[in-house]
Amino acid sequence: MSRSIFEAFSYASQLIRGEDLLVIARTSQGGFNQHDTNLVTLHRIEKFRELALDIKPVYSRGPRLH
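Here's what the structure looks like:
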């Protein structure tokens, strides 16, 4: 994320490679506006599964079976 309204990431594509998540995006950094991207950037989130929240449903009367 950027503090500048003229910098943005768009049209991201994702790929899982082993334990990492790779993201490639069109990027506007120092560009005329957010739409006119001037870079293609690659981002790696190492061991991204470890960052996931452990979210499980809470059943007050047990799971519904129908």
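When we follow the numbering used here, the leftmost residue of the sequence shown carries the number 6, and every step to the right adds one. Quick reminder that beta carbons are idealized off the backbone N, C-alpha and C, glycines included. Everything numeric in this text was worked out from a predicted model, so none of it was measured.
query	result
Rounded C-alpha distance that separates residue 36 from residue 42	7 Å
Closest residue to residue 30 among 51, 46, 23 (Cα-Cα distance)	46
Helix, strand or coil at residue 56 according to DSSP, with G and I counted as helix	helix
Per-residue DSSP class, three states only, for residue 42	coil
Whole-angstrom C-beta distance between residue 10 and residue 39, which should lie under 8 Å	7 Å
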